[in-house]
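See below for the structure under consideration.
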Amino acid sequence: MDAAMHKFDVENLDLWYGQTQALRKVSLDIEANTITALIGPSGCGKSTFLRVLDRMNDLIDGVRTEGKVLYDGTDIFGEVDVIELRKKVGMVFQKPNPFPMSIYDNIAYGPRVHGIKDRKALDELVERSLANAALLDEVKDKLHKPALGLSGGQQQRLCIARVLAVEPDVLLMDEPTSALDPVSTAKIETLLDELKRRYTIVIVTHNMQQAGRVSDRTGFFLHGELIEYAATKDIFFNPKDERTENYISGRFG
Amino acid sequence: MTTRIQFTEELARLNHDILTMGTKVEEDLRKALLALKNEDVALAREVKADDELVNALQLKIEDQAAILIATQQPVARDLRELVTVFKVTDNLERAGDHAVHLAKMVIKLAGEPAFRQASRLESMAETGCEMLRGATLAYLNHDTAEARRVAALDDGIDHEHKALVDEVLSLMREKPDQVERAERLIKTAGFLERLGDHVTNICEAVVFMEEGRHVELNE
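Protein chains in written order, with this note's numbering: chain A, 1 to 253; chain B, 1001 to 1219.
Next comes the structure, spelled out in structure tokens:
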């Protein structure tokens, strides 16, 4: 694979929280318009790795990183505008966290912050974002009602719409369906498949079946190391490393 | 982890049934072989009757395997093992059918010693028994070396098959009035040859289960 086609190229990434090393010599590349699943037991470093990609770890005291992370060929630890990076690389969290305001304002919040004031442009953006998050049909008659009145699954799709509204390029998702029922989970998973045509998606999940269902490639982390990174079908049918096999088969973790 | 313990226990139960099925098919082939040697029509009829037991075991094992897949969602080697269960039972069931074919021939050709070619058929069935036992154990013990050894035995069956066909063809030329019986003999030998192929399929499935790749053993 030509490096020019990679959305991210990570080389020998080490990360410490104070004295504790959380990532050890992690190297992987993420292809554009694919879904990459990161799996591993709690504390293995997968969420830390996810937060490296939009430099969210910068917000934590005492974090030190070494190694290279290239986003579209540019070193994200070099001369980059972090605000711009986080606009391009959006994050969806485990629990839906809508702002205590209307559905419309939840979506319009980001674009307004980024300077879009025109009412018509905002209307269009809100509608498009909701449609792309497969939520528009369910909320089009109540755009000005409180977002907190939506179900959990709808709230999570609203949060996805909110990220889409700032027109990102990459979606990072940290266990986006762990708080949702199976029907809402299925809707989000179907949505992910749609979204990967336009975005590159990296998802942390504790749900093995979900990783198997939605992702193109899967990375297995253990004690801060990337143990195995391969096509999802290979990881779940014929993993090369005994530790991967043991983890996905429920022998530990 | 409770689910893992449960999975292991269920799989052990299922594998116990596979051992029963493999042993049953081997026993049927051995009975058919003895029936052939001793012209024992009663024993041959037993083999015919056993076929239903083998078929019932196949369905029971496959249902258990399907339930395990549905409830435990196995992956990687666990999943390959369950996929292999279906291949093992399917091929054992077919092998069982071929043991029945041999038994039927014993019944049909009872009292016709002149045209038996018993030694070649006996040799094929003998090798078939060894292959069935070896393949079943190779599956249960996850033993790919044994699977490869067993698959190689199929050459012996193929060799006997070809020799038998040649001999029967020349006998047919000598005694054209015996053509019908000769045809049955050739057909039965063909069934035993297929039995060897089915056991070879089981051996290939064992390699797939362990190594995650498809191999052709004994092409």
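Here a beta-carbon is modelled for each residue, glycine too, at the ideal position from N, C-alpha and C.
- Below 8 Å, enough C-beta pairs join the region 1197-1204 of chain B and the region 1132-1148 of chain B to call them touching: three or more.
- For a Cβ distance threshold of 7 Å, residue set Gln209 of chain A lies close to B:Gln1073, ordered along the chain.
- Across the structure, A:Glu228 and A:Lys46 are spaced so that their CA atoms are roughly 13 Å apart.
- Legend: CB atoms of the region 212-232 of chain A lying less than 8 Å from CB atoms of chain B belong to residues Gly212.
- For A:His6, DSSP records a beta bridge to A:Glu31.
- Close CB contacts of A:Gly212 within its chain, under the 7 Å cut and outside five residues either way in sequence, are with Thr232, Phe236 (chain order).
- Rounded to the nearest whole angstrom, the CA to CA distance from A:Met208 to A:Asp123 is 38 Å.
- Counting only runs of 3 or more residues that sit fully inside the region 1017-1060 of chain B, no beta strand (DSSP E) segment turns up.
- About 12 Å separates the beta carbons of B:Gln1058 and B:Leu1014, which is beyond the 8 Å limit, so they are not a contact pair.
- Residue environment for B:His1214: exposed (fewer than 16 other C-beta atoms within 10 angstroms of its C-beta).
- Judged by DSSP in its simplified three-state form, A:Ile76 adopts coil rather than helix or strand.
- Scanning its chain for C-beta atoms nearer than 8 Å, with the 5 sequence neighbours on each side dropped, one finds around A:Ile188 the residues Gly153, Gln156, Arg157, Ile160, Pro176, Thr177, Leu180, in chain order.
- No Cβ of chain A is located within less than 9 Å of the beta carbon of B:Leu1014.
- Under the Cβ distance rule, A:Gly40 does not count among the residues neighbouring chain B, no pair being separated by less than 9 Å.
- Among the CB atoms of chain A, one or more fall inside 9 Å of the CB of B:Phe1007.
- Residue B:Gly1134 holds the alpha-carbon nearest to the alpha-carbon of B:Ala1152 among B:Ala1163, B:Gly1134, B:Ile1107, B:Lys1162.
- The C-beta of B:Thr1084 has 16 or more other C-beta atoms within 10 Å across all chains shown, which makes the residue buried.
- Counting along the chain, no beta strand (DSSP E) covers A:Lys140, and no H or E run does either.
- Within the region 84-123 of chain A, the complete beta strand (DSSP E) segments of 3 residues or longer fall at 89-92, listed in chain order.
- Taking 9 Å as the threshold, the shortest C-beta distance from B:Arg1077 to chain A falls below it.
- In terms of Cβ geometry, A:Asp54 and A:Val89 form a close pair [threshold 9 Å].
- Around the beta carbon of B:Thr1071, fewer than 16 other beta carbons sit within 10 angstroms, so the residue counts as exposed.
- Ranked by Cα distance from A:Pro98, the options A:Glu31, A:Met5, A:Lys145 are led by A:Lys145.
- The three-state reading of DSSP puts B:Lys1108 in helix, counting H, G and I together.
- Contact between the region 185-202 of chain A and the region 108-119 of chain A is absent, with fewer than three C-beta pairs closer than 8 Å.
- Counting along the chain, no alpha helix (DSSP H) covers A:Val202; the unbroken beta strand (DSSP E) around it starts and ends at 200-204.
- Three or more Cβ pairs closer than 8 Å define a contact, and the region 1087-1106 of chain B meets that threshold against the region 1037-1045 of chain B.
- Only residues of its own chain outside the window of five on either side were considered, and among them Asn1218 have a CB closer than 7 Å to the CB of B:Asp1155, listed in chain order.
- Among the residues facing chain B, A:Phe99 is not included, as its CB has no counterpart in that chain under 9 Å away.
- DSSP places B:Ala1118 in the uninterrupted alpha helix (DSSP H) bounded by 1118-1140.
- Ranking A:Arg128, A:Asp58, A:Lys95 by CA distance to the CA of A:Tyr104 puts A:Arg128 first.
- Setting aside the 5 residues that flank it on each side, A:Leu13 is surrounded in the same chain by Leu23, Val26, Gly67, each with a C-beta closer than 6 Å to its C-beta; the list follows chain order.
- For A:Asn238, the neighbours in chain B by C-beta distance under 9 Å run, in chain order, Ala1076, Arg1077, Arg1080, Glu1211, Gly1212, Arg1213.
- In this model, B:Glu1183 and B:Glu1210 are separated by some 41 Å (Cα to Cα).
- Interface residue (Cβ-Cβ distance to chain B less than 9 Å): A:Ile248 is classified as such.
- Using a 10 angstroms sphere on the CB of B:Val1179, the tally of other CB atoms stays under 16, which defines it as exposed.
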